[in-house]
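So the structure is just underneath, and the comments pick up after that.
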Amino acid sequence: MANTALYSDSKGASPNTERAVIAPEDVEADASAPISFNEQTNYVPRKTIITIFLACSTVDLIAIMDQTTLAASLSIIGEALDASDKTSWISGGYFVTSTCFQLLYGRLSDVWSRKHVLYAGLAIFFLGSLAASLAQTATQLIIFRAFTGIGGGGLVTVVQLIVSDVVPLRTRGKYQGILGAVVALSNGLGPVIGGLLATHASWRWIFRLNLPLTALTVCCVIFFLPLRKVTEDWKRKLQAIDFFGALLALGGTSLLLLGLTWGGGERPWRSAPVVGTITGGGVLCVTFVVWQWKGTAYPLVPMHIFRSGIVNGACITMFLHGWNILVQLYYIPVFYQLAMGYSALKAAAMLLPITIMAAVSSTLSGLVVHWLGRYREPILFGWVAWAVGLGLFSTLDASSGLGKQIGYALLTGVGLGNTLQPALIAIQAGVARRDMAVTTSFRNFTRNLGGTLGLAIAGTILTNLLTTTTTSLALSPTDQTLFLRNPTTYLANLPAAEAAQLRAAILPVYQQGFRIIFRIGAGMAAVAVVVVWALIPQVELEVSSPKEEGCKGLGPRAEPAERKGGE
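With the first letter of the sequence shown counted as 1, position 372 gets the number 371 in numbering that gives the first Met the number 0; the numbers rise by one all the way through.
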C-alpha cells in the first residue's frame with residue numbers, strides 16, 4: 000500500500016503549502032497500490048474561512064446569474080436573431096452540457112484538486128461567455144452556450160466541495176446556508192437584470208456581464224483559496240478517471256436530455272426522434288450503471304453509496320427540487336405576463352419575494368444546523384411550506400390581489416430556502432469522506448435532471464392546451480406555429496384589437512395550464528415530505544476533526560465507513 004504523507008514545506012506554513020502526497024519510492028515499489036490522493040480536508044481558522052467564503056460566493060453568483068439573466072430575455076434574443084423557434088435551445092443547450100458534466104466534476108476534483116478544476120471551469124465559462132456575446136446567429140449562440148455549460152456545470156459543485164473541505168460538518172451548515180442565500184438572490188436578481196439589459200441596452204450585455212465578474216472571481220480564487228494541492232504522478236491520476244464510464248454518462252444523459260427538451264415542444268412525444276433519443280439515452284444510462292457496478296475499479300458513481308437511505312432520499316428529493324425550482328423560475332414570470340397582463344420587467348420582479356425569502360430561510364436553516372446539529376426538521380418544514388405555497392399559487396387568477404401574490408410567493412420562498420442546503424449536509428453526513436465529492440456531484444446531477452424534465456413536462460402541458468384553443472380559433476397553421484413558439488412576441492406584433500381578442504380567448508387556457516403546473520409542483524413537494532420522513536434520518540454531525548475512516552484515500556471500490564445515526 001502506498002504511503003500517504005501529509006507535510007508542510009516549512010514549519011508553521013500556511014494551509015496553501017500543505018499537500019497530500021504519495022511517497023515516490025512507494026509508487027515505484029507498488030504501482031498497483033490504491034491511489035490515495037483525494038483527501039483534501041483542510042480545516043482552517045475563521046478569518047481564513049471568511050476569505051475562502053468570499054471567493055466561493057463570487058463563483059456561485061456568476062454561475063447562477065448566468066442562467067437566470069437569460070431566462071427573462073429569451074424572446075428578445077430570438078427576435079433579434081430572427082430565430083424565435085430556437086429560443087428553447089439557447090437555454091437548453093447550456094442545461095444539457097452542464098447536467099452531463101456534473102458527474103465528472105466530483106471525481107476530477109478528487110484527482111486534480113478542487114482549485115485546479117475550478118480554474119478550468121472558470122476558463123471555459125469565460126471563453127464561452129465571450130463567444131456568446133459575439134454570436135451572429137442563433138446556431139452559433141446555441142453552440143457557444145453549450146460550451147459555456149461544460150464549465151458552468153461544475154462551478155457550484157466544486158464550491159460546495161471546497162466549503163466541505165475547510166469546515167466541519169456541523170459548522171458547514173452555517174456557511175452552506177449563506178451560500179444558499181447567495182444562490183437564491185442570484186435567482187431573483189438575474190431575471191430583473193436580464194430584462195433590463197435586453198430591453199434598454201443589448202442582449203449581448205447579458206453575456207458581457209459575465210466577463211468582468213469571472214475575472215473578479217478568478218482573482219478571488221487565486222488569492223483567497225489556500226487549499227491543499229494533490230500531488231501524484233500524472234499517469235497514476237489518469238488511472239483513476241473512468242473514461243469509458245464518462246463517455247457512457249455523457250452519451251446517455253445527452254440523448255436523454257435531448258429527447259426531453261424536444262418532447263412536447265418542437266416535436267410530439269411519440270415522434271421517432273423523441274422516442275429514439277430517450278430510448279437510446281436510457282439504454283446507455285443502464286449500461287453506465289452496470290459498468291459502474293461491475294466494470295471499473297474507480298467508478299464515477301460508486302454503487303455502494305446507494306446502500307445509504309440518506310443518499311437515496313436526498314437524491315430523490317433533489318430531483319423533485321430541481322423540477323420545482325426551474326419550473327418556478329421560468330414559468331412564474333410567464334404566468335404573470337400572460338395570465339395577469341404584467342410587463343416583462345414587472346413579471347420578473349415578482350420572483351423577488353420568493354428569492355428574498357429563500358435567502359433568509361436558507362441562512363436561518365444553516366444556522367439551525369450549526370446551533371442544534373439537526374437538518375431533518377428544516378428539510379421537512381421546508382417541503383411542507385413549499386407544498387402549501389405552490390398549492391396556493393394554483394388558486395391565483397386575474398382577480399387575485401397583490402397581497403395574495405406576494406404572500407404565496409413568500410411561503411414558497413420559505414420552502415425553497417429550507418430544502419436546498421440542509422439536504423446537502425444530510426447527504427454528506429450519510430457517506431464517508433472519500434465518497435463526498437462523487438456523492439455531491441451525483442446529487443447535483445439529479446437536481447439538474449429533474450429541472451430539465453420539469454421544464455419539458457410544463458411546456459408540454461401548456462402547448463397541448465394552447466394547440467386545442469388556437470385550432471378552435473381558426474388560426475392558420477403558420478400563425479399557430481408562430482404563436483406556440485413565442486406567444487408574447489406574436490401578440491406584440493398583432494394590431495391592438497386583434498391582440499386583445501386573442502388574449503381574451505387564451506387567458507382562461509393559460510390560467511388552467513398554470514393551475515395544473517403549480518398543482519403538480521405541490522404534489523411533488525408533498526411526495527418529498529414522505530421521502531424525507533421515510534429515508535432521511537438524523538445522524539450525528541461532526542463538530543471538530545474528521546474521523547479517520549474514509550479519509551485515507553480513494554482506493555478501488557472503497558466501502559463506506561459506518562455512520563452512527565438515529566431519528
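Virtual Cβ for every residue (Gly too), placed ideally from N, Cα, C.
Looking from the CA of Leu237, the closest CA among Asn311, Tyr341, Pro267 and Leu107 belongs to Leu107. Straight across, the Cα-Cα distance linking Gly120 with Thr470 is about 47 Å. For Ala408, the enclosing alpha helix (DSSP H) stretches over residues Leu401 to Thr418. In the structure shown, the three-state DSSP call for Val58 is helix. Arg266 is bridged by DSSP to Gly262. Going by DSSP, Lys234 is part of the alpha helix (DSSP H) stretching over Trp233 to Gln238. Taking the CA atoms as reference points, Ala200 sits about 21 Å from Phe143. Between the alpha carbons of Leu371 and Ala431 lies a distance of about 22 Å.
Residue Gln66 holds the alpha-carbon nearest to the alpha-carbon of Leu184 among Ile516, Gln66, Val437 and Val165.
For Leu154, the enclosing alpha helix (DSSP H) begins and ends at Ala137 to Val165.
Counting every other CB atom within 10 Å of its CB across the protein chains shown gives Met435 a total of 16 or more, marking it as buried. Secondary structure note for Arg169: its alpha helix (DSSP H) is the uninterrupted segment Leu168 to His199.
Taking every protein chain shown into account, the CB of Ala71 has 16 or more other CB atoms within 10 angstroms, so this residue is buried. Between Thr138 and Ala455 the beta-carbon gap is near 22 Å, outside 8 Å, which marks them as no contact.
When rounded, the separation of the alpha-carbon atoms in Ile76 and Ile505 is 24 Å. With contacts defined as CB atoms closer than 8 Å, Gly244 and Leu160 fail to qualify as a contacting pair. In this structure, Ile177 sits away from Thr96, with a CB-CB distance that is not shorter than 8 Å. For secondary structure counted as the alpha helix (DSSP H) over 4 or more consecutive residues, the segment 486-540 holds these complete runs in sequence order: 486-491 and 495-534. Closest by C-alpha distance to Ala248, out of Trp88, Val282, Val220 and Cys219, is Val282.
Taking the Cα of Ser440 as reference, the smallest distance to any Cα among Pro44, Val155 and Leu80 is reached at Val155.
In the structure shown, the three-state DSSP call for Asp109 is helix.
In the three-state scheme derived from DSSP, where H, G and I count as helix and E and B as strand, Leu80 is classed as coil. Look at the beta carbons and you see the segment 442-450 touching the segment 309-328: at least three pairs across the two are nearer than 8 Å. By the neighbour-count criterion, in which a residue is buried when 16 or more other Cβ atoms sit within 10 angstroms of its Cβ, Leu401 is exposed.
The residue from Asn311, Tyr330, Ala348 and Phe517 with its alpha-carbon nearest to that of Ala422 is Asn311. Annotation for Trp382: the continuous alpha helix (DSSP H) segment containing it runs Arg375 to Phe392. A buried status is given to Gln420, since no fewer than 16 other beta-carbon atoms sit within 10 Å of its beta-carbon.
Between Phe444 and Gln135 a beta carbon distance of about 33 Å is seen, past the 8 Å cut, so the two are scored as non-contacting. Note on Asp59: 16 or more other CB atoms within 10 angstroms of its CB, so buried under the neighbour-count rule. Between the alpha carbons of Phe334 and Arg306 lies a distance of about 41 Å. Excluding its 5 nearest sequence neighbours in each direction, Leu534 has C-beta neighbours in its own chain below 6 Å: Gly308, Asn311 and Gly312, listed in chain order. If you draw a straight line from the Cα of Gln404 to the Cα of Cys55, it comes to about 33 Å. Residues of the same chain with a CB within less than 6 Å of the CB of Trp88, apart from the 5 flanking positions on each side, are Ile141 in chain order. Ala358 is a Cβ neighbour of Gly416, given a cutoff of 8 Å. Each of Phe392, Leu481, Pro507 and Val531 was checked against the Cα of Met349, and the nearest Cα belongs to Phe392. Excluding five sequence positions before and after Gly453, the CB atoms of its chain that fall closer than 6 Å to its own CB belong to Trp322, Leu325 and Val326, given in chain order.
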